[in-house]
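Below: the structure, in structure tokens.
There are 2 protein chains.
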Amino acid sequence: MASSPRTDGRNSRRRKGSPPPAVRRLSLYLRHLEQLADSGRATVSSRQLGEALSTTDAQVRKDLAHFGQFGRPGVGYYVAELAEHLRKIFGTDEVRNVAVIGAGSLGQALLGHKGFLKKGFRLAAAFDTDPSKVGKSFGTVRVQSMSDLASAVQAGRFSLAILAVPITAAQEVTDLLCRAGIRGILNFAPVQLTVPEGIAVVPVDLAVQLEQLSYVAASLNSNK
Amino acid sequence: MASSPRTDGRNSRRRKGSPPPAVRRLSLYLRHLEQLADSGRATVSSRQLGEALSTTDAQVRKDLAHFGQFGRPGVGYYVAELAEHLRKIFGTDEVRNVAVIGAGSLGQALLGHKGFLKKGFRLAAAFDTDPSKVGKSFGTVRVQSMSDLASAVQAGRFSLAILAVPITAAQEVTDLLCRAGIRGILNFAPVQLTVPEGIAVVPVDLAVQLEQLSYVAASLNSNK
DNA sequence: ATCTGTGAAAAGATTCACAGCC
DNA sequence: GGCTGTGAATCTTTTCACAGAT
Chain A
906 MASSPRTDGR
916 NSRRRKGSPP
926 PAVRRLSLYL
936 RHLEQLADSG
946 RATVSSRQLG
956 EALSTTDAQV
966 RKDLAHFGQF
976 GRPGVGYYVA
986 ELAEHLRKIF
996 GTDEVRNVAV
1006 IGAGSLGQAL
1016 LGHKGFLKKG
1026 FRLAAAFDTD
1036 PSKVGKSFGT
1046 VRVQSMSDLA
1056 SAVQAGRFSL
1066 AILAVPITAA
1076 QEVTDLLCRA
1086 GIRGILNFAP
1096 VQLTVPEGIA
1106 VVPVDLAVQL
1116 EQLSYVAASL
1126 NSNK
Chain B
906 MASSPRTDGR
916 NSRRRKGSPP
926 PAVRRLSLYL
936 RHLEQLADSG
946 RATVSSRQLG
956 EALSTTDAQV
966 RKDLAHFGQF
976 GRPGVGYYVA
986 ELAEHLRKIF
996 GTDEVRNVAV
1006 IGAGSLGQAL
1016 LGHKGFLKKG
1026 FRLAAAFDTD
1036 PSKVGKSFGT
1046 VRVQSMSDLA
1056 SAVQAGRFSL
1066 AILAVPITAA
1076 QEVTDLLCRA
1086 GIRGILNFAP
1096 VQLTVPEGIA
1106 VVPVDLAVQL
1116 EQLSYVAASL
1126 NSNK
């Protein structure tokens, strides 16, 4: 455990936007570890983990090495133990409260989704401007008026928000969230949000994902 | 002398899963170009495009250079022209038909979403196993029985599918789609799909995205 | 024998800097 | 003046290969 604190002094200039590739894969490792744990598996090797994710054993080891030493030579990784380490890295070892902003059909679908809780996220609140939606419940959450949003953030009822409002409202609501002290925003609106330093944004534009799919499908068919 | 033939399929050019970073950014460039076009803008420089996307002018030019020469020195890029070039790269210069598999709350939300068409995707069909859903319409699409799926793919009614079924059904439905000749799958199920060579899969796991957000939020707060 | 962790090499992506065009 | 396209330099990520632990 002689991990020197001097990992990379000048590396702290991390541009907001996307986490490094290793971190993206870490989520997939964790997801697979949870499946393995459910099936009663006790250990797994980097080779097996890599195979399940169409990557290599070396890639798996290097990715993990960036965060610590979690394995045992000759044995592999203890499934439950590694999963817990990864949750700690993501900050989901304890449940995090999340708000859904916008109770349109996408917001409703998210609110109804069981499965976030198992991953360490509790959908703790929902907000909408539409008076006909305020007071209704989706999943286990009752929709509140958007005018209650700022005080709910300030009261620390959640630190992350899922933004599922129309594109026309997205930046405005974002500004409100940021002023109130939100820590991160999962953005479903198809627009690049502007936020102050220190606030995380992860974009999820479904049309963009389809476009990417279209590209990959085309390239697979053309260079084969 | 007979050189030993490469039976090792090592040279597959494109790893399935994620497109290169440049292609991911291309989607964002296109999205911004469409906004510019709507606002009547005729030209844009790599500097302006980069600024709008928190990247650099050099990055924008290099990304585009990978696919051709689209700009004019001293002028920049013609907005409409560059947008059309990018659509061609993505294969969305002509409308592509897409099916939604699974008419649960997420599937319904997607079917109700206006906005895919503007991006070149027509939601042309929907399928579910639940008899109480078959025959109902969401958006403009009527849900069909899952038993009609294979023949619809074979008839060429769509070449891409959005998979929004429960995790337990995901691989089974995927096998069906692949056998029927689908070209690509946008996968919302939180599991790694196994598909034959030549079929594209782009994963969209919303819990994973939240996890990534949690990581970025934590890292922004710890090294500031 | 199996498997991790890690330097070193290779490949890939980003940034720099500038020649040449408008 | 402003701007693109591109080689060269730099930085990051992936792959290789093996010493050493179990």
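Protein chains in written order, with this note's numbering: chain A, 906 to 1129; chain B, 906 to 1129. By construction, the Cβ of each residue, glycine as well, lies at the ideal position given by its N, Cα and C atoms.
Relative to the C-alpha of residue i, which residue among the options is closest?
| i | options | result |
| --- | --- | --- |
| A/GLY955 | A/ARG946, A/HIS971, A/ASP943, A/LEU933 | A/LEU933 |
| A/ALA988 | A/LEU969, A/ILE1006, A/PHE1026, A/ALA1004 | A/LEU969 |
| A/SER1124 | B/GLU1102, B/LEU941, B/ALA1112 | B/GLU1102 |
| B/LYS1023 | A/ASN1126, A/PRO924, A/ALA985, A/LEU1115 | A/LEU1115 |
| B/PRO1108 | B/THR1079, B/SER1127, B/TYR1120, B/ALA1122 | B/THR1079 |
| B/THR961 | B/ARG930, B/SER1052, B/PHE972 | B/ARG930 |
| B/GLY1007 | B/ARG1062, B/ALA947, B/SER1037 | B/SER1037 |
| B/ASP1035 | B/PRO925, B/SER1052, B/ASN1092 | B/SER1052 |
| B/LEU958 | B/ALA1031, B/GLY945, B/LEU935, B/THR997 | B/LEU935 |
| A/GLY1044 | B/SER1010, B/CYS1083, B/LEU1082 | B/SER1010 |
| A/GLY1089 | A/GLN1013, A/ASN1002, A/SER1056 | A/ASN1002 |
| A/VAL1113 | A/SER1127, A/ASN1126, A/PRO1095, A/ALA1122 | A/PRO1095 |
| B/PHE1093 | B/SER950, B/LEU1015, B/ILE994, B/GLY1086 | B/LEU1015 |
| B/ALA1075 | B/GLN1059, B/VAL1058, B/LEU1054, B/GLN1097 | B/GLN1097 |
| B/SER1202 | A/ALA1057, A/GLY996, A/PHE1063, A/LEU1065 | One cannot answer for residue 1202 of chain B here, as it falls past the ends of chain B, which runs 906 to 1129. |
| B/LEU1065 | A/GLY976, A/SER944, A/ALA1066, A/LEU1118 | A/LEU1118 |
With a cut-off of 8 Å, does the C-beta of residue i fall near any C-beta of chain A?
| i | result |
| --- | --- |
| B/THR997 | yes |
| B/ASP913 | Note on B/ASP913: pLDDT 32, under 50, position unreliable in the model; the coordinate value appears next. So, not an interface residue. |
| B/SER1010 | yes |
| B/VAL1107 | yes |
| B/SER976 | Reading the sequence as shown, one finds Gly at residue 976 of chain B and not Ser. Output row for B/GLY976: interface = no. |
| B/GLY1017 | yes |
| B/PRO1101 | no |
| B/ALA1123 | yes |
| B/PRO924 | yes |
Can you name the residues of chain B whose CB is closer than 9 Å to the CB of residue i?
| i | result |
| --- | --- |
| A/VAL871 | Nothing about residue 871 of chain A can be read from this structure; chain A reaches only from 906 to 1129. |
| A/GLN1076 | Here the premise fails: no neighbours, minimum Cβ distance about 12 Å. |
Name, please, each residue of chain B whose Cβ falls closer than 7 Å to the Cβ of residue i.
| i | result |
| --- | --- |
| A/GLY955 | The contacting residues do not exist; A/GLY955 stays about 12 Å from chain B at best. |
Using a Cβ-Cβ distance under 8 Å, would residue i count as near chain B?
| i | result |
| --- | --- |
| A/LEU1118 | yes |
| A/SER1042 | no |
| A/ARG1088 | yes |
| A/ASN1126 | yes |
| A/VAL1003 | yes |
| A/GLY973 | no |
| A/PHE1021 | yes |
| A/LEU1065 | yes |
| A/PRO1036 | no |
For residue i, which residues in the same chain have their Cβ closer than 7 Å to its Cβ, ignoring the five residues on either side in sequence?
| i | result |
| --- | --- |
| A/PHE1021 | LEU1028 |
| B/VAL1039 | ASP1033, VAL1048, GLN1049, SER1050 |
| B/GLN1059 | ALA1085, GLY1086 |
Alpha carbon to alpha carbon, how far is residue i from residue j?
| i | j | result |
| --- | --- | --- |
| B/PRO1071 | B/ALA1105 | 20 Å |
| B/VAL980 | B/GLU986 | 13 Å |
| B/VAL1005 | B/PRO978 | 44 Å |
| B/ALA927 | A/LEU1068 | 26 Å |
| B/VAL965 | B/GLN974 | 12 Å |
| B/LYS1041 | A/HIS1018 | 22 Å |
| B/PRO924 | A/GLY1025 | 29 Å |
| B/VAL984 | B/LEU938 | 6 Å |
| A/TYR982 | B/ALA963 | 42 Å |
| A/ALA947 | B/GLN953 | 53 Å |
| B/ALA1031 | B/VAL1046 | 7 Å |
| B/VAL949 | B/LEU941 | 9 Å |
Take residue i and list the residues in its own chain whose beta-carbon comes closer than 6 Å to its own, dropping the five residues that flank it on each side.
| i | result |
| --- | --- |
| B/ARG918 | Here B/ARG918 scores only 38 on pLDDT, less than 50, and its place in the model should not be relied on; the value that follows carries that caveat. For B/ARG918, where only same-chain residues beyond five positions count, there are no Cβ hits under 6 Å. |
| B/TYR1120 | none |
| B/ILE994 | PHE972 |
So which residues of chain A does residue i contact, with C-beta pairs closer than 8 Å?
| i | result |
| --- | --- |
| B/VAL994 | Just to set this straight, residue 994 of chain B is Ile in the shown sequence, not Val. Those within 8 Å of B/ILE994 in chain A are TYR1120. |
| B/ARG1095 | Looking at the sequence shown, residue 1095 of chain B is not Arg but Pro. Result: ARG936, GLY1020. |
Under 8 Å between beta-carbons, which chain B residues line up against residue i? List them in chain order, please.
| i | result |
| --- | --- |
| A/GLN1013 | SER1010, ALA1014 |
| A/GLN1059 | Residues of chain B passing the Cβ test: none, with the nearest at roughly 17 Å. |
| A/LEU958 | GLN1097 |
Taking residue i as the query, report the chain A residues whose CB atoms sit under 7 Å from its CB, ordered along the chain.
| i | result |
| --- | --- |
| B/LEU1091 | GLN1114, LEU1115, LEU1118 |
Near residue i, what residues of its chain come up, given a Cβ to Cβ distance below 8 Å and the 5 sequence neighbours on each side ignored?
| i | result |
| --- | --- |
| A/THR1073 | none |
| B/VAL1100 | LYS921, THR1079, CYS1083, ILE1090, VAL1106 |
| B/ARG992 | LEU935, ASP998, GLY1025 |
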